[in-house]
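Asks: Per numbering that gives the first Met the number 0, residue 0 is the first one in the sequence shown, and the count goes up by one each step.
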Amino acid sequence: MAAVSETVLVSAPQDHDAQAASDPQATAADSPLEDFRVRCTLKRAVMEVMEMCGRFVQELGAVLPEDVRELALRDAQWTFESAVQENVSFNGQAWEEAKEHGLMDSDIKVLEDEFDELIVDVATKRRQYPRRILESVIKTLKAQHASLKQYHPVVHPLDLKCDPDPASRVEDLKCRGEDIAKEMSEAMKSPKDDDRKVRRREKNRVAAQRSRKKQTQKADKLHEEHESLEQENSVLRREIAKLKEELRHLSEALKEHEKMCPLLLCPMNFVQLRSDPVASCLPR
0 MAAVSETVLV SAPQDHDAQA ASDPQATAAD SPLEDFRVRC TLKRAVMEVM
50 EMCGRFVQEL GAVLPEDVRE LALRDAQWTF ESAVQENVSF NGQAWEEAKE
100 HGLMDSDIKV LEDEFDELIV DVATKRRQYP RRILESVIKT LKAQHASLKQ
150 YHPVVHPLDL KCDPDPASRV EDLKCRGEDI AKEMSEAMKS PKDDDRKVRR
200 REKNRVAAQR SRKKQTQKAD KLHEEHESLE QENSVLRREI AKLKEELRHL
250 SEALKEHEKM CPLLLCPMNF VQLRSDPVAS CLPR
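1) CA-CA distance, I239 and L110?
2) Do H225 and I137 have their C-beta atoms closer together than 8 Å?
3) Would you check if the distance between the CB atom of E80 and the CB atom of M49 is smaller than 8 Å?
4) For K220, I'd like the list of residues in its chain whose CB is within less than 8 Å of its CB, leaving aside the five on either flank, ordered along the chain.
5) What whole-angstrom Cβ distance do K42 and F89 have, given they're in contact under 8 Å?
6) Alpha carbon to alpha carbon, how far is Y128 from S146? Give it in angstroms, no decimals.
7) Does A186 pass the burial test, meaning 16 or more other C-beta atoms within 10 Å, or should it be called exposed?
8) I believe V53 touches Q76 by the beta-carbon criterion, under 8 Å. Please report the beta-carbon distance rounded to the nearest angstrom.
9) If contacts are defined as beta-carbon pairs under 8 Å, then L140 and A252 qualify, I think. What distance do you get, rounded to the angstrom?
10) What whole-angstrom Cβ distance do V45 and V87 have, given they're in contact under 8 Å?
11) If you check the beta carbons only, do Q84 and L72 fall under 8 Å apart?
12) Tell me Q92's beta-bridge partners as DSSP assigns them.
13) Give the range of the alpha helix (DSSP H) segment to which C161 is assigned.
14) According to DSSP, what are the bridge partners of R38?
15) Just mark A207 as buried or exposed, buried being the case when its beta carbon has 16 or more other beta carbons within 10 Å.
16) Give the straight-line distance between the Cα atoms of R175 and H144, rounded to the nearest whole angstrom.
17) Just verifying my parser: in three-state terms, what is the DSSP assignment at V197?
Below, the structure is given as structure tokens:
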């Protein structure tokens, strides 16, 4: 079977050449107008089909002799792959020019589904996380304020002792005074270093004040938001109280009406009225 297929593949170009030689004008007119190759879109899909058909080509070796089986199968496989590669095109491109990697419809659908899930996840986190972060920051600032209120500096008492010999004390003070005078004289010798230290201290002080100011402003802002939420909560509580009071008045009016309404006193009336039908729906 492999030999027959080879004969057909070889003889077909000869007939085609003979026909082209006999009628060169018709060949020149037809060749640029029509492409006889099979049009495909994905090179990977064609390769999968070739692999699937390659298994059928390998099964042909069962009827061949052992000594020529391997060579014949390899020749048949190469002939089949070459014929497919020469007779297919991908968007007008040949087999060598087309790219192997491409996305199929199923791959694009999976990527679109994953992208939609990511969009929904990000949108949900954008709605939920800022409120959680704000609650955590408020709790942290309140805990810091509470801990600062409980802080008290520890003062250790000192035992005062009277020196029976003031002369030694005076000598000690003189020595210290001389040392301080020497340090002051050395400090006066380098005013540039002192100015640099003073400027550094001033910058540190300004930066510390700015940081404390930002912390205070942030705490004040969070406190204002907390106060506004408390006010809204109090307004809702007052509205709930008004609704409960109105419900109580309506219940009393209904009880008064039960004494005069014959429909409510009828024994066939199976409708059971609850004493407080709205109270179960309201928050406690």
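C-beta: ideal position from N, C-alpha, C; glycine also.
Replies: Looking at the atomic coordinates:
1) 50 Å
2) yes
3) yes
4) none
5) 6 Å
6) 27 Å
7) exposed
8) Per the sequence presented here, residue 53 reads as Gly, with Val not at that position. Yes, G53 and Q76 are in contact; Cβ-Cβ is about 6 Å, under 8 Å.
9) With a Cβ gap of about 50 Å, L140 and A252 do not count as contacting.
10) 6 Å
11) no
12) F89
13) Run containing C161: none; DSSP gives neither H nor E here.
14) S88
15) exposed
16) 44 Å
17) helix
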